[in-house]
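Protein chains: 2
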Amino acid sequence: MFPKDGRTTLTVDDIPKKWYNIAADIGSPEILNPATMKPVTAADLAPVFCKTSVDQELDTTHRFIDIPDPVREAYAQFGRVTPLQRAYHLEQYLKTPAKIYFKREDVSPTGSHKLNSAIAQAYYNKRDGTEHLTTETGAGQWGSALSLSCNYFDLDVIIFMVKVSFEQKPFRRSIMETYGGTVYPSPSPVTEYGKSVLAKDPAYGGTLGTAITEAVEMAVKDPTGKTKYSLGSVANHVCMHQTVIGQELIAQMDELDIIPDHMVGCIGGGSNFAGFAFPMIERKLRGKVDTSFLAVEPTEVPSLTKGEYRYDFGDSGCITPMFKMYTLGHDFTPNAVHAGGLRYHGMNPLVSELYHNKTINAVSYNETQIFQAAVTFARTEGIIPAPESSHAIRGAIELALDAKKMNEEKTIVFNLSGHGLLDMVGYANFLKTCNHPMIEV
Amino acid sequence: MFPKDGRTTLTVDDIPKKWYNIAADIGSPEILNPATMKPVTAADLAPVFCKTSVDQELDTTHRFIDIPDPVREAYAQFGRVTPLQRAYHLEQYLKTPAKIYFKREDVSPTGSHKLNSAIAQAYYNKRDGTEHLTTETGAGQWGSALSLSCNYFDLDVIIFMVKVSFEQKPFRRSIMETYGGTVYPSPSPVTEYGKSVLAKDPAYGGTLGTAITEAVEMAVKDPTGKTKYSLGSVANHVCMHQTVIGQELIAQMDELDIIPDHMVGCIGGGSNFAGFAFPMIERKLRGKVDTSFLAVEPTEVPSLTKGEYRYDFGDSGCITPMFKMYTLGHDFTPNAVHAGGLRYHGMNPLVSELYHNKTINAVSYNETQIFQAAVTFARTEGIIPAPESSHAIRGAIELALDAKKMNEEKTIVFNLSGHGLLDMVGYANFLKTCNHPMIEV
Chain A
1 MFPKDGRTTL TVDDIPKKWY NIAADIGSPE ILNPATMKPV TAADLAPVFC
51 KTSVDQELDT THRFIDIPDP VREAYAQFGR VTPLQRAYHL EQYLKTPAKI
101 YFKREDVSPT GSHKLNSAIA QAYYNKRDGT EHLTTETGAG QWGSALSLSC
151 NYFDLDVIIF MVKVSFEQKP FRRSIMETYG GTVYPSPSPV TEYGKSVLAK
201 DPAYGGTLGT AITEAVEMAV KDPTGKTKYS LGSVANHVCM HQTVIGQELI
251 AQMDELDIIP DHMVGCIGGG SNFAGFAFPM IERKLRGKVD TSFLAVEPTE
301 VPSLTKGEYR YDFGDSGCIT PMFKMYTLGH DFTPNAVHAG GLRYHGMNPL
351 VSELYHNKTI NAVSYNETQI FQAAVTFART EGIIPAPESS HAIRGAIELA
401 LDAKKMNEEK TIVFNLSGHG LLDMVGYANF LKTCNHPMIE V
Chain B
1 MFPKDGRTTL TVDDIPKKWY NIAADIGSPE ILNPATMKPV TAADLAPVFC
51 KTSVDQELDT THRFIDIPDP VREAYAQFGR VTPLQRAYHL EQYLKTPAKI
101 YFKREDVSPT GSHKLNSAIA QAYYNKRDGT EHLTTETGAG QWGSALSLSC
151 NYFDLDVIIF MVKVSFEQKP FRRSIMETYG GTVYPSPSPV TEYGKSVLAK
201 DPAYGGTLGT AITEAVEMAV KDPTGKTKYS LGSVANHVCM HQTVIGQELI
251 AQMDELDIIP DHMVGCIGGG SNFAGFAFPM IERKLRGKVD TSFLAVEPTE
301 VPSLTKGEYR YDFGDSGCIT PMFKMYTLGH DFTPNAVHAG GLRYHGMNPL
351 VSELYHNKTI NAVSYNETQI FQAAVTFART EGIIPAPESS HAIRGAIELA
401 LDAKKMNEEK TIVFNLSGHG LLDMVGYANF LKTCNHPMIE V
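First to last, the sequence lines map onto chains A and B. Note that the UniProt record's numbering numbers the first sequence so that position 105 is 105, with each residue one more than the last. Note that the UniProt record's numbering numbers the second sequence so that position 373 is 373, with each residue one more than the last.
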């Protein structure tokens, strides 16, 4: 009765014991200090991040880094190992010979993959003596995850939420507050940079870049050194924490005897894509698999498909170091798309490098195409996906339709990075205006 | 590292194969036809429900009823077996010697236990020739579940949503529409009863009783007989469908070698409480366990603790049959509490009978007490619970604090009937006004 190839038997004991640090295999371009244009040192980064985060960010030698037991326990508490599920009903609807699987990062209590790094960063900050942690959040997924994690490890947290999301997604703010976080809309009047932006344009809706500047400013200006900053994507150490996704996935696919032809993830700053894909890319680099990797971004924020590969700041206010990455420019202000988690001007340097050397591919879709994929997935598999994750769904569906045209039994795996239960404003707007809410086949 | 007694290994193969029909063990008071005050017949109910629902509603002879394979497959698709989890962090916070477990009905894609009956009813209606299904919904949990289920089995669905919830929870409406359902606020202008209510008071916020009248009216007035009505709680067959919860729970507790001292559920119409408790009550009736059962209701809607045990209508418009039950009167209009799913004037007759003969106990808590329990649970276990389910959490916490006073290592199991991600308005209001958001210990 129940087909087995969409179910694995992994348990909490199978939660990975190490993170995979792909920088040790492919190298990572130096991060530059904009004042000197020389590579940053650990001392340069010390006012911003806690010591362990700095060490991990600059580590290009250790291929694997132990996951501390308290972090693994928190992973277990909050739902890891996450399921790998086969999308039988989506396959049937598409009438495709392709097999479609998805990794369910939506099952975390904060609704996305973001907890994987939030738990690690909260743990290290607590251990390294931080008392207050600052951060930015776009759609609110990262802020929710860090609030829960800081509550779990007993740390104070201050979150700068991009104002356009703050207003579009008021319930995300309530979630952060329920977990005990303090939330400001960014630009805010509580930092010098925020004040300067508001002075120019009081109605400015903000960007992740602006929120990052505010959060970093608040950390570095604390004379006690007990306030540190935490980043939810883009940085190498954040991407490394996310590799629990891809490692679990490989164990699950090995158990089910699957080798994917295609792996698809959405991409903003790069962390969910990196965590999902890097462990399999490692296999590909060693010649063990021939999987292709597809990153899907919004046409409104096309950092890979339309950006330039060069050094740029990580924030709008130019107070972060400079990263070699695909960028739309640190002053780029995207439209207020509902996939707020993907509204970032740059891209993780390792992902950028892998895209530049053609290890991974990228494609972009517009908001209508994304919500069509979202509704198609909701009506077939029952799960309401995040608009961000729906980029991956659209990418996977297009590959499945290609397989249908070619009559090839391809295996496609995508990362369902989060659910969309707090994105119903976007769904409501889409349903109101669109006569064909599903992808037609 | 990972304690084992909060984890079980049940898989889709362990999804129950039969529902438990407690009416065959304890009998059920006759349902009366108000026109004749004689017991209803299957023919009386035929214009309202599909044939199988009628048969199941009146069945007091079969102790177990087979779950059809397509229903079990849908249960598997949508996340059954649901986890049984131990609330270690809540226990630590309360400093109680009690062990607290919770059954996670929140993991369903529609966020509550309601799918258990929605899937069954959609399947039977499709099989019995129904083309359009009507229903009521309070908080929107039932409407979401029935929309997804009707989409799954290819049926049209029309939902009357209590107006106060329609306005308080606009995103629930979008979820139903995402799944393809049609939603009207109740009272609505599309039924005679709705029109009559609106004529008296255009601003009336509605009740479940009003919405039921509208949905039943639309079904019985279809001359083709292809429109039927579906109920989300209160009826015996709905409670029976929910017994998958309690049966799984018993298998999980047997595996972990646990016998609960207390089982706690929230209660509105009675279906989640019944599904959770009836299978263990069966064990108690056979003298196998000495578990106590606690139903928790809102002080604003105290049907068990303040209601009368007598025959009453199931709806406000007096077009349903009469049920022997604890009732606040079919014209009772509760305040607009955030636990919209518990705003019902009556109570399932079997639960009523078990309460009347003291097999189960009941207690009520007010909204502040409920949200304190909700925030306490969110900050310890990481999961944001539905306001409805938070009644069960409050009940479980009070029992755990009693156990602490007596220094007794009691085992307490509660049903987490749903998550609260779509109830953040209630959380936001509470956090704004409450200086002590957690239960202090």
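Cβ coordinates follow ideal geometry from the N, Cα and C atoms, glycine included. Predicted model, so just to flag it, every value in this text is computed and none were measured.
Taking a contact to mean a Cβ-Cβ separation below 8 angstroms, would you say residue i touches residue j in this structure?
| i | j | result |
| --- | --- | --- |
| residue 226(B) | residue 125(B) | no |
| residue 349(A) | residue 53(A) | no |
| residue 362(A) | residue 305(A) | yes |
| residue 297(B) | residue 342(B) | yes |
| residue 206(B) | residue 234(B) | no |
| residue 159(B) | residue 137(B) | yes |
| residue 157(A) | residue 135(A) | yes |
| residue 34(A) | residue 321(A) | yes |
| residue 244(A) | residue 15(A) | yes |
| residue 344(A) | residue 269(A) | yes |
| residue 187(A) | residue 210(A) | yes |
| residue 519(A) | residue 249(A) | This structure does not reach residue 519(A), given that chain A is present from 1 up to 441, and the question cannot be answered. |
| residue 140(A) | residue 169(A) | yes |
| residue 239(A) | residue 265(A) | no |
| residue 261(A) | residue 359(A) | no |
| residue 416(A) | residue 102(A) | yes |
| residue 66(B) | residue 99(B) | no |
| residue 326(B) | residue 352(B) | yes |
What residues are listed by DSSP as bridge partners for residue i?
| i | result |
| --- | --- |
| residue 308(A) | 327(A) |
| residue 33(A) | 38(A) |
| residue 19(B) | 65(B) |
| residue 162(B) | 186(B) |
| residue 229(B) | 134(B) |
| residue 334(B) | Looking at the DSSP assignment, residue 334(B) forms no beta bridge with any residue, so it has no partner. |
| residue 112(B) | 418(B) |
Let me know the secondary structure DSSP gives residue i once reduced to three states.
| i | result |
| --- | --- |
| residue 266(B) | strand |
| residue 395(A) | helix |
| residue 156(A) | strand |
| residue 424(B) | helix |
| residue 313(A) | strand |
| residue 196(A) | helix |
| residue 387(B) | helix |
| residue 434(A) | coil |
| residue 70(B) | helix |
| residue 439(A) | coil |
| residue 95(B) | coil |
| residue 375(B) | helix |
| residue 12(B) | helix |
What is the residue span of the beta strand (DSSP E) that residue i lies within?
| i | result |
| --- | --- |
| residue 85(B) | 84 to 86 |
| residue 321(B) | No beta strand (DSSP E) holds residue 321(B); DSSP gives it neither H nor E. |
| residue 133(B) | 132 to 137 |
| residue 412(A) | 411 to 416 |
| residue 100(B) | 99 to 104 |
| residue 352(B) | No beta strand (DSSP E) holds residue 352(B); the alpha helix (DSSP H) holding it covers 349 to 356. |
| residue 293(B) | 292 to 298 |
| residue 362(A) | 361 to 365 |
Which first and last residues belong to the alpha helix (DSSP H) in which residue i is found?
| i | result |
| --- | --- |
| residue 204(A) | Segment: none, residue 204(A) is in no alpha helix (DSSP H) and carries neither H nor E. |
| residue 171(B) | 170 to 178 |
| residue 123(B) | 115 to 127 |
| residue 51(A) | 51 to 58 |
| residue 239(A) | 236 to 241 |
| residue 259(A) | First-last for residue 259(A): undefined, no H or E at that position. |
| residue 278(B) | 271 to 285 |
Residues within the segment 284 to 316 of chain B neighbouring chain A, beta-carbon criterion of under 9 angstroms = none
With 7 angstroms as the limit, tell me which residues of the segment 373 to 407 of chain B have their beta carbon closer than that to any beta carbon of chain A; keep them in chain order.
-> 375, 378, 379, 382, 383 and 384
Looking at chain A, which residues of the segment 133 to 154 of chain B have a Cβ within less than 8 angstroms of any of its Cβ atoms?
-> So the list reads 148, 151 and 152, given in the order they occur along the chain.
Taking Cβ-Cβ distances below 9 angstroms as the criterion, which residues of the segment 171 to 186 of chain A are in contact with chain B?
-> 171, 172, 173, 174, 175, 177, 178, 179 and 180
Members of the segment 4 to 21 of chain A near chain B, C-beta cut-off 8 angstroms = 7, 9, 11, 12 and 13
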